[in-house]
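Residue numbers (this note's numbering), protein chains in the order written: chain D, 3 to 338; chain F, 3 to 338. To start, the structure itself, in structure tokens.
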């Protein structure tokens, strides 16, 4: 149901029945290894390419979510998935393996919450009993496509971020037991003229703030409603800018309630420059760590604001700045 | 509302209030020039690149649809759009210009009906009063990215198709006057092992048949329900294969009721090999020609089955076959 200008209220509170979370060696050595279902010590996953390794991570996450929900692939009505690869090949090849009717999405690193918003809307409105929402990324595959191949050993500036290798999937249901998806706010493009692919956090921060502001306005809420508001992958640079912007807009979020998935996933001594990024960043932290904290009762209500740079070759070759977007989804404990 | 395995029934019958259809010089010289709102005699549209020309085609189509509906950009709640460019830059840059909360989609040439399905679902369920669904493609931009740059002058085999330069947008509303969107069937990936980028029609035909078969099964219908069933861009080769497959499955559609957007848009003497293709093919033919035929009363009920090859670099470099998909949307006259 439309709420305000650009939000949905899910009055039937779709349930996240189960999630599947997979990661690579850098994530295994990170801060949240216990929040993954599967961790691989080989960045190639035994595959012939990074792209094929990413496909396998996504397949595993989806199969894990379906299995943990006690379902079979045939039970799931629709699959919403996106990733960063050209033609979202990881998602499409996973959809081929699953055989579930499929909506391919491209929201770059906002794809996790773009998919969860749509899946929740469809389940809430009786369009599916079961829907699967997923997103993936792979450090090697992303660097090859968007920046420099990792083998090249290019020096990265401190504002650069480290793309998460992993995948996260959430199985939504009309009925059952688990955390509930209660609201979503869909972002519009915000483009402040930045064009540096090694400083995505700064480019995305205004989009995150715009969506948080819209969310509060559409639902007449403020930060006090949530125990935690987590942006997707702004990293240190973007997170600081987002905090400053929120304060300027009179919407300051107390520091202990405001975090970023890109600051949670790795240890301080890992070489991740400004933090983590990638489609999988918000997906694995939300579907692993944050939902586990909800399930354990440490958190009651969270807002996940997945941010994406809808980056393009034009950004490099034709001096276009980077259009950014953020989608926010509210998740509450079952008794929330 | 879920219908059968993979379909939705839109009991509130969302209205297509208005459409915007734009095209390039090859389309102006084609079979349907009167069904376009804007036709350009310059394939570059005065822009610095084919990609920027495509962006302008999509912007124009969207602005035209909004204007013809008597609305302003601010009235439209959500924008669903996809195209063939890496990172769907045409859609994202158009979303930046429009400022409408945005869902980026990647369904390749099935994007038109992927977007229309989702927009209709959201409007039908009270998630928006107004939603815009669009898709675009550009012959030069697509050839540069997927095959050979057009300047290279590569010889094409007779099974190759000609990518449509254009864009189509449909403005959906909960109330008002115009053709109604009544049903949708969401496709699953069908991959028969083909990997030739110069014979997409053959690869997509089984996906179209799978979705048509699912549509008939989910709604307990047969071809007699429709005045016309139009696939998206199978071209001559794929259309013939689809016809044969339907017959084998006991679902033969009479020839006069079964067509393909890729066979309608150009004149016989244009050098389009097996027919037209591209995201814009089904978008411009449906939102222009077919809706005009509905409005004139020549057709009462149509089913548009947009087909897409979720093509990837893997198809070339790593011997992966091409995953294909098709989404079907039923559109009826207001009094249908």
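Note that CB positions come from ideal geometry on N, CA and C, so glycine has one too. Predicted model only: the values in this text are computed from it and were never measured.
inquiry  = For residue 256 of chain D and residue 262 of chain D, what's the separation of their Cα atoms in angstroms?
reply    = Residue numbering aside, residue 256 of chain D sits at position 254 when the first chain is read from its first letter. Residue numbering aside, residue 262 of chain D sits at position 260 when the first chain is read from its first letter. If you take the alpha carbons of residue 256 of chain D and residue 262 of chain D, they lie about 13 Å apart.
ask   = DSSP three-state call for residue 276 of chain D: helix, strand or coil?
value = Translated into positions along the first chain, residue 276 of chain D becomes position 274. Coil at residue 276 of chain D, not helix or strand.
task = With residue 168 of chain F as the anchor, note down where its beta strand (DSSP E) starts and where it stops.
result = The residue labelled residue 168 of chain F in the question sits at position 166 within the second chain. Counting along the chain, the beta strand (DSSP E) containing residue 168 of chain F begins and ends at 168-175.
task = Using the DSSP secondary-structure output, state which residues sit across from residue 187 of chain F in a beta bridge.
result = In the second chain, residue 187 of chain F corresponds to position 185, counting from 1. Residue 187 of chain F pairs with F:9, F:330.
query = Among F:70, F:237, F:141, which has the Cα closest to the Cα of residue 51 of chain F?
reply = Position 49 of the second chain, counting from 1, holds the residue named residue 51 of chain F. Of the listed residues, the one whose Cα sits closest to residue 51 of chain F is F:141.
task = Return the CA-CA distance between residue 182 of chain D and residue 331 of chain D, expressed in angstroms with no decimal places.
result = Start at 1 with the first residue of the first chain, and residue 182 of chain D comes out as number 180. Start at 1 with the first residue of the first chain, and residue 331 of chain D comes out as number 329. Roughly 11 Å between the two C-alpha positions.
Residues of the segment 79-98 of chain D with Cβ closer than 7 Å to any Cβ of chain F, in chain order = 79, 80, 88, 89, 90, 91, 94, 95, 97, 98
task = Using the Cα positions of residue 45 of chain D and residue 272 of chain D, report the straight-line distance between them to the nearest angstrom.
result = The residue labelled residue 45 of chain D in the question sits at position 43 within the first chain. The residue labelled residue 272 of chain D in the question sits at position 270 within the first chain. Rounded to whole angstroms, residue 45 of chain D to residue 272 of chain D spans 16 Å at the Cα level.
The ligand GDP heavy atom lying under 7 Å from the CB of residue 111 of chain D = Absent from the structure shown: the ligand GDP. Ligands present: none.
key: Close Cβ partners of residue 117 of chain D (< 7 Å) along its chain, the five nearest in sequence each way excluded   = Numbered from its first residue, the first chain carries residue 117 of chain D at position 115. Excluding positions up to five away in sequence, the list reads 82, 83, 84, 107, 135, 136, 137.
query = Under 8 Å between C-beta atoms, does residue 212 of chain F make it to chain D?
reply = Counting from 1 along the second chain, the entry for residue 212 of chain F is found at position 210. False, the Cβ-Cβ gap to chain D never drops below 8 Å.
inquiry  = What does DSSP give as the partner residue(s) for residue 287 of chain F in the beta ladder?
reply    = Position 285 of the second chain holds residue 287 of chain F. BP columns for residue 287 of chain F are empty, so no partner.
ask   = What did DSSP end up calling residue 303 of chain F once you bin it into helix, strand or coil?
value = Taking the first residue of the second chain as 1, we reach residue 303 of chain F at position 301. Strand at residue 303 of chain F.
ask   = If you run the structure through DSSP and keep just helix, strand and coil, what is residue 165 of chain F?
value = The count along the second chain starts at 1 and reaches residue 165 of chain F at position 163. DSSP places residue 165 of chain F in strand when its eight states are reduced to three.
ask   = Would residue 224 of chain D be called buried (16 or more neighbouring beta carbons within 10 Å of its own) or exposed?
value = Here the question's residue 224 of chain D lines up with position 222 in the first chain. Residue 224 of chain D comes out exposed.
query = Going by DSSP, what residues sit across from residue 20 of chain F in a beta bridge?
reply = For the purposes of this step, residue 20 of chain F is identified with residue 18 of the second chain, where counting begins at 1. Its beta-bridge partners are F:173.
Stretch-stretch touch, CB-based, cutoff 8 Å, three pairs: the segment 152-170 of chain D with the segment 181-201 of chain D = yes
message = Assuming the contact rule is C-beta atoms closer than 8 Å, residue 9 of chain D and residue 221 of chain D should be a hit. Round their C-beta distance to whole Å, please.
response = On the first chain, residue 9 of chain D is found 7 positions in, with the first residue counted as 1. On the first chain, residue 221 of chain D is found 219 positions in, with the first residue counted as 1. 6 Å between Cβ atoms; contact.
ask   = Is the distance from the Cβ of residue 291 of chain D to the Cβ of residue 41 of chain D below 8 Å?
value = Position 289 of the first chain, counted from the start, is the residue given in the question as residue 291 of chain D. Position 39 of the first chain, counted from the start, is the residue given in the question as residue 41 of chain D. No, these two residues do not count as a Cβ contact at 8 Å.
task = Using a Cβ cut-off of 8 Å (strictly closer), state whether residue 15 of chain D contacts chain F.
result = Stepping through the first chain from its first residue, residue 15 of chain D is reached at position 13. Chain F contact via Cβ: absent.
request  = Would you tell me roughly how many angstroms separate the C-alpha atoms of residue 129 of chain F and residue 76 of chain F, rounded to the nearest one?
outcome  = In the second chain, the residue the question calls residue 129 of chain F occupies position 127. In the second chain, the residue the question calls residue 76 of chain F occupies position 74. Each residue's Cα considered, the two are about 16 Å apart.
query = So is residue 157 of chain D in contact with chain F if we call contact Cβ pairs under 8 Å?
reply = Position 155 of the first chain, counted from the start, is the residue given in the question as residue 157 of chain D. Not one chain F Cβ lies under 8 Å of residue 157 of chain D.
task = Determine the burial state of residue 88 of chain F: buried for a count of at least 16 other Cβ atoms within 10 Å of its Cβ, exposed for fewer.
result = Mapped onto the second chain, residue 88 of chain F falls at position 86. Buried, because 16 or more other Cβ atoms sit within 10 Å of the Cβ of residue 88 of chain F.
ask   = What separation, rounded to the nearest whole angstrom, lies between the Cα atoms of residue 245 of chain D and residue 276 of chain D?
value = Sequence index remark: in the first chain, residue 245 of chain D carries index 243 (1-based). Sequence index remark: in the first chain, residue 276 of chain D carries index 274 (1-based). Rounded to the nearest angstrom, the two C-alpha atoms are 15 Å apart.
query = Just curious, the beta strand (DSSP E) that residue 107 of chain F is in, first and last residue?
reply = Residue mapping note: residue 107 of chain F aligns to position 105 of the second chain, counting from 1. Where residue 107 of chain F is concerned, the enclosing beta strand (DSSP E) stretches over 104-107.
task = Please state whether DSSP places residue 91 of chain F in a helix, a strand or coil.
result = Position 89 of the second chain, counting from 1, holds the residue named residue 91 of chain F. The answer is helix: DSSP assigns residue 91 of chain F an H, G or I state.
inquiry  = List, in chain order, every chain D residue whose beta-carbon is nearer than 7 Å to that of residue 313 of chain F.
reply    = Within the second chain, the letter at position 311 stands for residue 313 of chain F. Near residue 313 of chain F (Cβ distances below 7 Å), the residues of chain D are 89.
query = Closest by CA to residue 329 of chain F, which one among F:302, F:212, F:268?
reply = The residue given as residue 329 of chain F occupies position 327 in the second chain. It is F:212.
task = Would you list the residues sitting across from residue 132 of chain D in a DSSP beta bridge?
result = Numbered from 1 along the first chain, position 130 holds the residue referred to as residue 132 of chain D. The partner list for residue 132 of chain D (beta bridge, DSSP) reads D:175.
ask   = Going along the chain, which residues of the segment 183-198 of chain D sit with their C-beta nearer than 7 Å to a C-beta in chain F?
value = 188, 189, 190, 191, 193
query = Hey, does residue 3 of chain F have any beta-carbon neighbour from chain D nearer than 8 Å?
reply = Numbered from its first residue, the second chain carries residue 3 of chain F at position 1. Yes, its Cβ sits closer than 8 Å to a Cβ of chain D.
query = Helix or strand or just coil, what does DSSP make of residue 120 of chain D?
reply = Within the first chain, numbered from 1, the residue matching residue 120 of chain D stands at position 118. Of the three classes helix, strand and coil, the one that applies to residue 120 of chain D here is helix, per DSSP.
message = Residues of the segment 104-127 of chain D in Cβ contact with chain F at a cutoff of 9 Å, in chain order, please.
response = 104, 105, 106, 107, 108, 109, 110, 112, 113, 116, 119, 120, 123, 124, 126, 127
key: Under 8 Å by beta carbon: chain A residues contacting residue 129 of chain D   = This model lacks chain A altogether, as its protein chains are D and F.
task = Would you give the residue range spanned by the alpha helix (DSSP H) that residue 214 of chain F belongs to?
result = By one-based count along the second chain, residue 214 of chain F stands at place 212. Counting along the chain, the alpha helix (DSSP H) containing residue 214 of chain F begins and ends at 202-221.
query = Which residues in chain F sit within 9 Å of residue 68 of chain D, going by Cβ to Cβ distance?
reply = By 1-based counting over the first chain, the position of residue 68 of chain D is 66. Under the 9 Å cutoff, chain F gives no residues; its nearest Cβ is about 15 Å from residue 68 of chain D.
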